[in-house]
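The block underneath contains the structure these notes are about, expressed in structure tokens.
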Amino acid sequence: MSNYHRSEFVGFGTCAPPNFIPDELYKWLFFPPIKQVDDVPAAAPYGLRKVEAQLLSEGFSVRTVSPNHLKNHLAEAKVLGIHVMDPFGLGPASSTLAFILNKEPFLAKYFRVLLSQPAVKKAKKNGLKIIVGGPGAWQCQIRPKFVDRYGIDCVIEGEAEKFVGKIFRAAIEGQPLPKHYESSIEESPKLEEVPEIVNPSVNGLVEIGRGCCRGCEFCSVTLRPLRWVPMEKILREIDVNMKVGGIEGAILHAEDVMLYGSKNTLPNGEKLIKLHETVVKKCKGMVWSHCSLAAVAAEPKLFSKTAEIIKQKQSWWGVEIGIETGSPRLIGKIMHVKAHPFKPEDWPEVVRTGMGLMHDNGLVPAGTLIVGTPEEKEEDVIKTMDLLDDLRGMRSLIVPLFFVPLGRLQREDWFKGTQMTDLHRELLIKCFRHDYYWLYDLMDMAFAGSWQGKVLEPFFKLFAYIVKFKARQSGISLTAGEQAYIRPQKLGVPACS
Ligand code: SF4
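Residue numbers for the sequence shown, in our numbering: 549 to 1045.
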């Protein structure tokens, strides 16, 4: 449980395995434990805060605690609920890094450490029930022996508001629990059934919408209905973060922030602008969690207007985007709405236009690429590499991720590192070169304006240098071709990251 030095980009460091710098130093750099106030964390992951709010509204006595402080609270607990993002390191980013470094990621290590605590084992002997939930809960089905060995009684997958209380009550009353409960579409709550958080979320994240209308076949989000949270509710949650947690910035979370309030793939200009004007008035700064390239490319003027509003208080902001591939053929096959309102064959141009607009307007994306999707051919990988060349001058991080079978493709095979071809390797190296081209610039931007940033920056730069050095020792140059590009002017200091 960390706030990653108040930067979500830094949080990606948890996906790596232990490496060439000491674990404690790595932990301090990438995921320092969150501050405690009266033995409870000053902020907690948003999904956990939602479950906390739901259970409180049903009359349970709930305490949200951090793993490092668990032992102080277990004696009184009847049920231990654990929120997991990526408990076995099987998520796309972790499994890719685990293959490259050939080790188990930190996320997996610390999940095991949490469950191995003597206090947990003792409480378990005394009848404690353990329930696991959160975005990474699906991984428990792939590790059933671990689930049994560590005494996990029940795993909850999906949106839990409508049934989590029933399961916790059954656990307290000693009734039988389902081993794995996957919520159905019918159990997706209506907005009025979703409680507001009552305690601060990490880095001020607030949900502005759930679900996605684009229907990519590898994605589980798209199986849920699309719902947009009314502005008053968003503002009340920002108030909780500000007043209770002293968090003055906000992360607006949705699968596509550009589509706030829209019923289709075209942005609703009025609602988007109103949301941003209101949030900017209230907060010192903001970040988006995700947005689509297609929505940005479809409405360049609206995007620029939104950017102007945001930049009244900061010079740049960050977001995660899905580039996925440079191949229109793959787009048409497994994510044919990704480019909408454009056609699948327009996808490379949509990416270039969207990322160009982001670059010009101060939005810094971390874009993901999928490696090894079912039916991927050599020609698709080559198209992705060509697209990467075109993106070199656009300030961004580009992260290659091995295909993980989720959503409608959950019966497909995983992409294993051993299936990597020379072309895949070349693609990965191209991504790392792109990232190294921008990395130092991004670090300057992310750490500017605060004394903590000034302390941290040299350590991150040293870490980046060591990675580059180790790569060169293995015969890989992460800076090849740099001289061929002229980097555009630097952006100024952010108010909030
Ligand atoms: S656009 Fe993103 S969130 Fe939406 S279905 Fe595709 S991958 Fe999932």
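Glycine included, every Cβ here is placed at the ideal spot set by N, Cα and C. Quick caveat, the model's predicted, so the values are computed rather than measured.
Look up Gly880 in the DSSP assignment and say whether it is helix, strand or coil.
helix
Trp962 classed as buried or exposed, judged by whether at least 16 other C-beta atoms fall within 10 angstroms:
exposed
Would a C-beta distance cut-off of 9 Å place Lys832 and Gly809 closer than the cut-off?
no
What does DSSP give as the partner residue(s) for Gly1062 in the beta ladder?
With the chain covering 549 to 1045 only, the question about residue 1062 has no answer from this structure.
Helix, strand or coil at Arg1020 [DSSP, three-state]:
helix
Thinking Leu603 and Val712 are a contact (beta carbons under 8 Å), I'd like their distance in whole angstroms, please.
7 Å
Starting from Ala798, follow its DSSP beta bridges and name the residues at the other end.
Met834
So, using beta-carbon positions, are Ile786 and Val835 closer together than 9 Å?
no
So is the beta-carbon of His838 under 8 Å away from any non-hydrogen atom of the ligand SF4?
yes
Looking only at DSSP bridge pairs, what is Pro581 linked to?
Ser550
Please report the residue range of the beta strand (DSSP E) in which Lys677 lies.
677 to 681
Nearest by alpha-carbon distance to Asn909: which of Val899, Glu897, Met942 is it?
Met942
I need the DSSP call for Ser605, collapsed to helix, strand or coil.
helix
For the ligand SF4, is there a heavy atom less than 8 Å away from the beta-carbon of Asp894?
no
Helix or strand or just coil, what does DSSP make of Ala914?
DSSP places Ala914 in strand when its eight states are reduced to three.
Is it buried or exposed, Glu818, if we count other Cβ atoms within 10 angstroms and call 16 or more buried?
exposed
Examine the ligand SF4 and report whether any of its heavy atoms sits within less than 8 Å of the Cβ of Met806.
no
Please state the DSSP three-state secondary structure of Glu785.
helix
Where do the N-terminal and C-terminal ends of the beta strand (DSSP E) with His728 fall, by residue?
Taken as a continuous stretch (DSSP letters only), the beta strand (DSSP E) holding His728 covers 728 to 730.
Do you know whose CA, among Trp865, His884, Trp895, Ile700, lies nearest Ala846's CA?
Trp895
Is Phe766 a contact residue of the ligand SF4, with contact defined as CB to any heavy atom under 8 Å?
yes
In its own chain, which residues sit with a C-beta less than 6 Å from the C-beta of Phe636, not counting the 5 before and 5 after it?
Ala656, Gln687, Arg691
Return the CA-CA distance between Leu936 and Cys979, expressed in angstroms with no decimal places.
7 Å
Taking contact to mean at least 3 C-beta pairs separated by less than 8 Å, is the stretch 770 to 790 in contact with the stretch 572 to 587?
no
Identify every run of the beta strand (DSSP E) within the stretch 610 to 680, keeping only runs that are complete inside it and at least 3 residues long; order them along the chain.
Runs of the beta strand (DSSP E) inside the stretch 610 to 680: 627 to 631.
Check each candidate in Thr644, Val610, Glu730, Gly681 and name the one with the smallest Cα separation from Leu949.
Considering only Thr644, Val610, Glu730, Gly681, the residue with the shortest C-alpha distance to Leu949 is Thr644.
In chain order, which alpha helix (DSSP H) runs of at least 4 residues are fully inside the stretch 732 to 794?
779 to 791
Whether Leu628 touches Ile582 by CB criterion (9 Å)
Not closer than 9 Å, so no.
What are the start and end residues of each continuous alpha helix (DSSP H) run of 4 or more residues lying completely inside the stretch 846 to 895, in chain order?
848 to 858, 876 to 882
Given Phe766 as reference, the closest of Val613, Met790, Gly955, Gly866 once Cα atoms are compared
Gly955
Go to Glu705, then tell me how far its beta strand (DSSP E) extends in each direction, as first and last residue.
702 to 705
Any heavy atom of the ligand SF4 closer than 8 Å to the Cβ of Thr921?
Outside the cutoff, so no.
Got a sec? Which residues, its chain only, sit under 8 Å from Gln1031 by beta carbon, not counting five neighbours each side?
With a pLDDT of 45 at Gln1031, under the threshold of 50, the modelled position of this residue cannot be trusted; read the value that follows with caution. Cβ within range, chain order: n/a, list empty.
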